[in-house]
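**Student:** My questions all concern the structure below.
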Amino acid sequence: MKIGLIGTGRIGAFHAETLRSVPGVTGIVVADADPTRAASLADTLGVRAATSVEEMYADGLDGVVITAATSAHASLIHQALDAGVPVFCEKPVALDVPGTRDVVTRAEAGTVPVQIGFQRRFDAGYRAARAALRSGELGWLHTLRACTSDRTPPPAAYIPTSGGLFRDCSIHDFDILRWLTGREVVSVYAQGANRGAPFFAAGDDVDTCAALLRFDDDTLATVTATRYNGAGHDVRLEVCGSEGARIVGLDDRAPLPSAETGLSWQRAAAPYATFMERFHDAYVTELGVFAEVAAGRTPSPCSPGEALEALYIAEACEHSRRTGEPVTVADIRAAAAGGATTDV
């Protein structure tokens, strides 16, 4: 099986190296808007570099992995579908709802599989929590508490094209909450704040946010995110039920320095510094599953339609942040279907 990879930045380089150890993958071709960067990675990994995406497809591919800039995702997915090549694309599908809906419509009308990269679905902790909840072991669910906290902020140039903290960061929480519970979010109330670098406000974004979500069965969830978590990279989820609970991400590297004394446990390792450290094993599993998808042995575990549902929640949170009012997801969905915008 020959796999192409488009985009040879940090996550692209990681995925390219991972693909070398995926069973069934016998060839890798990389391409980038900067051919020099693609060639450099190819030399490092001992794989082939193409001078363009078109050349890469002409070489004959069984699947393609898209890790290019967010602004290029939608067009690259369409190009893969034009070529009839199964495609894996890191989130988001597109920069906005219309672009995402276009991809969803195109993918659902055809037979070429598309897998969107929400890697938390492949993390052992989230999978164990989902199994415990679905088995009934936790009783009925009443509260979810999710956090995504970066240790340090991204470069200033990233913010204007990121889509904002809810769409870029918290969307992972929105996706995993839907996946874990099997329920839909009906309304949100969100707030945002800026106490860090001025480039967040200059980019019409926030560096810290919090949202209250209500699900269709009246389960409540809180979702928080920040670009400034000095203790380390912190991604956790508390799943609280009437008969029990599970906490995802509470391991030896969780950046949770306790204020209590006389504890019987201590953190045994350095805290996570980046999302790639925190979810290394999940990314590896995710690409292994994509190889199965590309080979036609399993359906896509995360379709563009699933990504669109998470985006609707992010859009609702962004609208709530701007207006200071609760927002229903149904209103966001209806506005998108009618071609209206929710920006204020």
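The number in the numbering used here is simply the position in the sequence shown, starting from 1, with 257 added.
The beta carbon of each residue, even a glycine, is placed where N, CA and C say it ideally should be.
Short of 6 Å in beta carbon distance, which residues of its chain neighbour D600, apart from the five on each side in sequence? Order them along the chain.
**Tutor:** Numbered from its first residue, the sequence shown carries residue 600 at position 343. Confidence at D600 is low in this model, with a pLDDT of 49, below 50, so its placement is unreliable and the value that follows should be read with caution. None.
**Student:** Give a single yes or no on whether G356 has its beta carbon closer than 7 Å to a heavy atom of the ligand GDP.
**Tutor:** As far as ligands go, the structure on display features none, and thus does not contain the ligand GDP.
**Student:** Just the C-alpha distance for I334 and V360, rounded to the nearest angstrom, thanks.
**Tutor:** For the purposes of this step, residue 334 is taken as the residue at position 77 of the sequence shown. For the purposes of this step, residue 360 is taken as the residue at position 103 of the sequence shown. Those two C-alpha atoms are separated by around 8 Å.
**Student:** When we look at the beta-carbon of A526 and count the other beta-carbons within 10 Å, is it buried (16 or more) or exposed?
**Tutor:** Here residue 526 is taken as the residue at index 269 of the sequence shown, counted from 1. Under this definition A526 is an exposed residue.
**Student:** May I have the straight-line CA-CA distance separating A593 from T301, to the nearest angstrom?
**Tutor:** Looking up residue 593 in the sequence shown gives position 336. Looking up residue 301 in the sequence shown gives position 44. Near 44 Å, if we compare the C-alpha coordinates of T301 and A593.
**Student:** Can you give the Cα-Cα distance for P280 and L494, rounded to whole angstroms?
**Tutor:** Working through the sequence shown from its first residue, we reach residue 280 at position 23. Working through the sequence shown from its first residue, we reach residue 494 at position 237. Taking the straight line from one Cα to the other gives about 31 Å.
**Student:** So, for G374: in the same chain, excluding its five sequence neighbours on each side, which residues have a beta-carbon less than 6 Å away from its beta-carbon?
**Tutor:** Residue 374 sits at position 117 when you count from the first residue of the sequence shown. Within the same chain, G374 has close Cβ partners E347 and K348.
**Student:** For T362, I'd like the list of residues in its chain whose CB is within less than 7 Å of its CB, leaving aside the five on either flank, ordered along the chain.
**Tutor:** Sequence index remark: in the sequence shown, residue 362 carries index 105 (1-based). Excluding positions up to five away in sequence, the list is empty.
**Student:** What is the rounded straight-line gap between the Cα of S332 and the Cα of T418?
**Tutor:** For this step, residue 332 is matched to residue 75 along the sequence shown. For this step, residue 418 is matched to residue 161 along the sequence shown. Near 16 Å, if we compare the C-alpha coordinates of T418 and S332.
**Student:** Can you check the segment 345–418 for any beta strand (DSSP E) of at least 3 residues that lies completely inside it and give the ranges in chain order?
**Tutor:** Every beta strand (DSSP E) of 3 residues or more that sits fully in the segment 345–418 is shown, in chain order, as 371–374 and 398–406.
**Student:** To which residues of the same chain is R484 closer than 6 Å at the C-beta, ignoring the five residues directly before and after it?
**Tutor:** In the sequence shown, counting from the first residue as 1, residue 484 sits at position 227. Only D407, P410 and D464 meet the Cβ criterion.
**Student:** Quick test of the definition: if touching needs 3 or more C-beta pairs under 8 Å, does the segment 507–515 touch the segment 434–446?
**Tutor:** Result no; under three Cβ-Cβ pairs closer than 8 Å.
**Student:** Expressed to the nearest angstrom, what Euclidean distance is found between the alpha-carbon atoms of A548 and V282?
**Tutor:** Reading the sequence shown from its first residue, position 291 is the one you call residue 548. Reading the sequence shown from its first residue, position 25 is the one you call residue 282. Between A548 and V282, the C-alpha separation is close to 8 Å.
**Student:** Just grab the DSSP bridge partners of S444 for me.
**Tutor:** Start at 1 with the first residue of the sequence shown, and residue 444 comes out as number 187. R471 and T585.
**Student:** Would you mind giving the Cβ-Cβ distance between T555 and V546, rounded to the nearest angstrom? I have them listed as a contact below 8 Å.
**Tutor:** As a first step, residue 555 is located in the sequence shown; it is residue number 298 there, counting from the start. As a first step, residue 546 is located in the sequence shown; it is residue number 289 there, counting from the start. Contact holds; Cβ gap of about 7 Å.
**Student:** My understanding is that C466 touches A447, with C-beta atoms under 8 Å, so please give their C-beta distance in whole angstroms.
**Tutor:** Taking the first residue of the sequence shown as position 1, residue 466 is located at position 209. Taking the first residue of the sequence shown as position 1, residue 447 is located at position 190. Contact holds; Cβ gap of about 6 Å.
**Student:** For C466, which beta-bridge partners are listed by DSSP?
**Tutor:** Counting from 1 along the sequence shown, the entry for residue 466 is found at position 209. Per DSSP, G449 and A482.
**Student:** For A288, report the span of its beta strand (DSSP E) as first-last.
**Tutor:** As a working note, residue 288 is residue 31 in the sequence shown. Start and end: G284 to A288.
**Student:** I need the DSSP call for E495, collapsed to helix, strand or coil.
**Tutor:** One-based indexing of the sequence shown puts residue 495 at position 238. It is a strand residue.
**Student:** Please confirm whether L298 and A315 have their CB atoms less than 8 Å apart.
**Tutor:** Residue mapping note: residue 298 aligns to position 41 of the sequence shown, counting from 1. Residue mapping note: residue 315 aligns to position 58 of the sequence shown, counting from 1. Contact flag unset, no.
**Student:** Which residue wins for smallest C-alpha separation from V342, given the options A552, A567 and A587?
**Tutor:** As a position in the sequence shown, residue 342 is number 85, starting the count at 1. The shortest C-alpha separation from V342 is found at A552.
**Student:** Leaving aside the five residues before and after L352 along the sequence, list all residues of the same chain whose C-beta is less than 7 Å from its C-beta, in chain order.
**Tutor:** In the sequence shown, residue 352 corresponds to position 95, counting from 1. The answer, listed in chain order, is T327, S328 and G420.
**Student:** Would you say R377 and A567 are within 8 Å of each other, going by their C-beta atoms?
**Tutor:** The residue given as residue 377 occupies position 120 in the sequence shown. The residue given as residue 567 occupies position 310 in the sequence shown. For R377 and A567, no; Cβs fall outside 8 Å.
**Student:** T405: which of Q372, A468 and A564 sits nearest, CA to CA?
**Tutor:** Position 148 of the sequence shown, counting from 1, holds the residue named residue 405. Minimum Cα distance to T405 is reached at A468.
**Student:** Taking the DSSP output, what are the residues bridged to R503?
**Tutor:** Taking the sequence shown and counting its residues from 1, the one referred to as residue 503 is at position 246. DSSP output for R503 lists V496 as bridge partner(s).
**Student:** Go to V550, then tell me how far its alpha helix (DSSP H) extends in each direction, as first and last residue.
**Tutor:** Within the sequence shown, the letter at position 293 stands for residue 550. Here the alpha helix (DSSP H) through V550 covers H537 to A551.
**Student:** Here's a check: name, in chain order, each residue in its chain whose Cβ is nearer than 8 Å to the Cβ of F532, leaving out the five neighbours to either side.
**Tutor:** As a working mapping, residue 532 is identified with position 275 in the sequence shown. Cβ within range, chain order: D407, H490 and V492.
**Student:** Got a sec? Which residues, its chain only, sit under 7 Å from V354 by beta carbon, not counting five neighbours each side?
**Tutor:** As a position in the sequence shown, residue 354 is number 97, starting the count at 1. Within the same chain, V354 has close Cβ partners L568, E572 and A593.
**Student:** Along the alpha helix (DSSP H) that carries L568, what are the first and last residues, could you check?
**Tutor:** To locate residue 568, count along the sequence shown from 1; it is residue 311. Here the alpha helix (DSSP H) through L568 covers P561 to T580.
**Student:** Below 8 Å between beta carbons: does that hold for D430 and V480?
**Tutor:** Stepping through the sequence shown from its first residue, residue 430 is reached at position 173. Stepping through the sequence shown from its first residue, residue 480 is reached at position 223. A contact, by the Cβ cut-off of 8 Å.
**Student:** Buried or exposed: which applies to D509, given that a residue is buried once 16 or more other Cβ atoms fall within 10 Å of its Cβ?
**Tutor:** For this step, residue 509 is matched to residue 252 along the sequence shown. By the neighbour-count rule (16 or more Cβ atoms within 10 Å), D509 is not buried but exposed.
**Student:** Distance check for L565 and M313, CA to CA, integer angstroms please.
**Tutor:** Residue numbering aside, residue 313 sits at position 56 when the sequence shown is read from its first letter. Residue numbering aside, residue 565 sits at position 308 when the sequence shown is read from its first letter. Roughly 28 Å separates the two Cα atoms.
**Student:** Report yes if the C-beta distance between S577 and V586 is below 8 Å; otherwise report no.
**Tutor:** Taking the first residue of the sequence shown as 1, we reach residue 577 at position 320. Taking the first residue of the sequence shown as 1, we reach residue 586 at position 329. Not a contact, by the Cβ cut-off of 8 Å.
**Student:** Checking 8 Å against the spacing of the C-beta atoms, do R440 and D461 come in under that value?
**Tutor:** Position 183 of the sequence shown, counting from 1, holds the residue named residue 440. Position 204 of the sequence shown, counting from 1, holds the residue named residue 461. Not a contact, by the Cβ cut-off of 8 Å.
**Student:** A307 and A288 - do their beta-carbons sit closer together than 8 Å?
**Tutor:** Taking the first residue of the sequence shown as position 1, residue 288 is located at position 31. Taking the first residue of the sequence shown as position 1, residue 307 is located at position 50. Between A288 and A307, the gap from beta carbon to beta carbon is short of 8 Å.
**Student:** Between which residues of its own chain and A296 is the CB-CB distance below 8 Å, once the five residues before and five after are set aside?
**Tutor:** The residue labelled residue 296 in the question sits at position 39 within the sequence shown. Here the set comprises A306.
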